[in-house]
Structure formats: C-alpha cells, structure tokens
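Undergrad:
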C-alpha cells in the first residue's frame, strides 16, 4: 500500500515569490491536513480538507491557502513568501478526518526562503 | 498561552527503565488525544490514541488521560535505545489538531 507522497521534497524560493506544494494521500483516504513544522514553533496545523471541502483552518494568514481535488490529492499554496515561511511542510492523510487522530504523514516538503 | 504543553526535555533514561512523558492542554472540550513519535529527520507516526479517562495499554506503551486535570501522559516500559526520538502530544478540538512542541527522549544503553 503506497504511503503519502509529497512533492517537491526540497525547494528554494526568494522573498515575494509564491510556491505550490502537492500531496497525494493514501488510497481510500478522504482527509488531507497540512502542517508547518519549525524548530521554534513545532508542528502547527494549517488546514484540513475532506472530500474537497475545507473543514478547518489554523491561525495562519490568508497567504496560505489550499485545495483538494476529486481524487483527494491536495495542494497548498503560499503567496508573497516571507523569510519566516522557511519550514518543513507536512501533509497527513486520514480515512475519516483529524478527529480520529490517525494521521499518516508524508515525508514533507522542505521550503527555504532566501 | 500555549494550548498543548510538554516538557521539551531532553529526557534521558537508561535502557530497561520506564520513561514518563507528560502533556497538559488548555481546551476543556477536547475529545481526542494522541501520542506521535518522530525520529530525527523523519515524519511523525502515531503510536497511541486515547479518548476516555483512564489508562490504555499497547505493548510497552501506556497512555493515561485525566480530563478533569487536562493531563495526558505516556509511559514507556522497558525502554530501548530504539525508543530514542521526539514524542509529540496531540489534542483534537473541533477537527483542529494541536501539537505540543515535543519531548526529546534518549535511552542510553
């Protein structure tokens, strides 16, 4: 059974640019949630999508957005990048949602903003 | 005020000892509680979930929940060097997953 796949694994951007990250969940999983992980702030919830609908959103500015497609694949976009956006972005898939807590994480996309 | 708090550690225990990891949370309406393990350079993986007050055992791991005190703990019995990792406490409140900063555990042979 294939795991959660995130692309790209590494990327370098400059301030002001935008970036799109992709996440393919485990087959049959309808929930995809996104997290930002930094040494200072730990793992912070960005948003969750379930069956193409955003179910919840964390406390991040509107520059962070996402969407989910009919095949459950999800993308997140960060516009007008800032230095502080440098982080590991993790997505997690779940069969029924984050309330069960049974999240399966991808390996992450490490973003560096210069 | 942080919503999920853990001692950052590091916590060091000898091989074979019991490791005790603690977590407190602020939202009294939280319903679901989880422990994730994250090895250095790897992604978190779920090791325990607990939903009701009391203890839940799974092999060498025991999760304890006390909703009145807003407290969750994880006990690792017979600790092994392979248990050396960062342990993340997670709390779900209205589909909002909140993680603690993690406790780094080192098990010394």
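Chains as they are written, first to last, in the numbering used here: chain G, 8 to 121; chain F, 910 to 1018. Each residue gets a CB set at the ideal place from its N, CA and C atoms; glycine is no exception.
1) Among 953(F), 951(F), 976(F) and 954(F), which has the Cα closest to the Cα of residue 963(F)?
2) Which whole-angstrom value is the C-beta distance of residue 960(F) and residue 953(F), which I expect to be below 8 Å?
3) So residue 26(G) and residue 113(G) are supposed to be a Cβ contact under 8 Å. How far apart are they, rounded?
4) By the 10 Å Cβ neighbour count, where 16 or more other Cβ atoms means buried, how is residue 915(F) classified, buried or exposed?
5) Could you say if the region 929 to 939 of chain F and the region 985 to 1001 of chain F meet the contact criterion of at least three C-beta pairs nearer than 8 Å?
6) Residues in the same chain with beta-carbon distance under 7 Å from residue 2(G), minus the five sequence neighbours each way, listed in chain order, please.
7) Per the DSSP calculation, residue 101(G) is bridged to which residue(s)?
8) Could you check if residue 55(G) is buried or exposed, using at least 16 other CB atoms within 10 Å of its CB as the buried criterion?
9) Buried or exposed for residue 9(G), going by 16 or more other Cβ atoms inside 10 Å?
10) Is the CB of residue 62(G) under 7 Å away from at least one CB in chain F?
11) When Cβ atoms are compared, which residues of the region 929 to 953 of chain F fall closer than 7 Å to chain G?
12) Can you check whether the C-beta of residue 114(G) is within less than 7 Å of a C-beta belonging to chain F?
TA: In terms of the structure at hand:
1) 976(F)
2) So it is not a contact: roughly 19 Å between Cβ atoms.
3) 16 Å between Cβ atoms; not a contact.
4) buried
5) yes
6) The first residue shown for chain G is 8 and the last is 121, placing residue 2(G) beyond what the model contains.
7) 38(G)
8) buried
9) exposed
10) yes
11) 941, 943, 952 and 953
12) yes
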